[in-house]
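Please read the structure below before turning to the comments.
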Amino acid sequence: MVKTKANNVLNYCNDLFFKYTLSREDTESVYARNTIIQRVTGIRVKESRVLNPNLDPGVIGKKRIILDVHVKDEAGRFYNLEMQTTYAGIAEMMRFEFYGARALNNQLKSSEKYRDLKPVYQIIFIEKYAWNNKNLINHY
1 MVKTKANNVL NYCNDLFFKY TLSREDTESV YARNTIIQRV TGIRVKESRV LNPNLDPGVI
61 GKKRIILDVH VKDEAGRFYN LEMQTTYAGI AEMMRFEFYG ARALNNQLKS SEKYRDLKPV
121 YQIIFIEKYA WNNKNLINHY
């Protein structure tokens with residue numbers, strides 16, 4: 001019988017970890033979420049919340065798991081954070097652009113002015129990047 005050593009490395013890209021550790025609004029989850037955000041990005045978090053925190057058990061391991069983390073920092077700037085396990089190229093880039101547009105759109109109510117929009121920053125944690133794009137920072 002051959003003994004094998006268990007892999008005790010925590011995979012932060014795992015959807016279940018992301019959901020059960022970061023998506024709740026209890027004190028521990030908010031603390032964990034804000035601590036990770038602050039240590040990885042340097043953002044001084046004022047508030048954060050998770051949209052779509054409920055994962056459908058029928059789709060775990062499939063494509064439809066969506067957890068949007070929205071953050072507001074101490075300077076009033078808005079951030080959208082996403083965990084992405086792969087990056088195949090243009091399709092994901094277009095989706096990221098759509099998410100950015102949606103984050104801008106969600107700032108204003110019908111009577112507010114476009115000049116009141118604040119910039120939105122997107123931080124996307126990607127486990128694997130496209131073969132043709134090894135940039136750590138992209139803009140559009």
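Under full-length UniProt numbering, the sequence shown has 9 at position 9, and the numbering climbs by one with no breaks. All residues carry an ideal CB built from backbone N, CA and C; glycine is no exception.
I65 (DSSP reduced to helix, strand or coil): Confidence is the limiting factor: at I65 the pLDDT is only 46, short of 50, which leaves the residue's position unreliable and the question unanswerable from this model.
When DSSP labels each residue in this structure, what does L108 get in the three-state scheme? coil
P119: which of F17, K113, A103 and F98 sits nearest, CA to CA? A103
Rounded C-alpha distance that separates V30 from S23: 8 Å
Sequence-distant residues of the same chain with beta carbon closer than 8 Å to D73, five excluded per side: I43, R44, V45, K46 and Y79
Pairwise C-alpha distance: D26 and M93: 32 Å
Just verifying my parser: in three-state terms, what is the DSSP assignment at E74? coil
Pull up the distance between the alpha-carbon of K63 and that of K113, whole angstroms please. Unreliable placement is indicated for K63, whose pLDDT of 48 sits below 50; no coordinate value is reported for it.
Alpha carbon to alpha carbon, how far is T21 from K35? Give it in angstroms, no decimals. This sequence places Thr at residue 35; Lys is not what is there. T35 and T21: Cα-Cα distance of roughly 12 Å.
Find the nearest neighbour of L117 within the set A32, R77, D68 and R33, judged by alpha-carbon distance. R77
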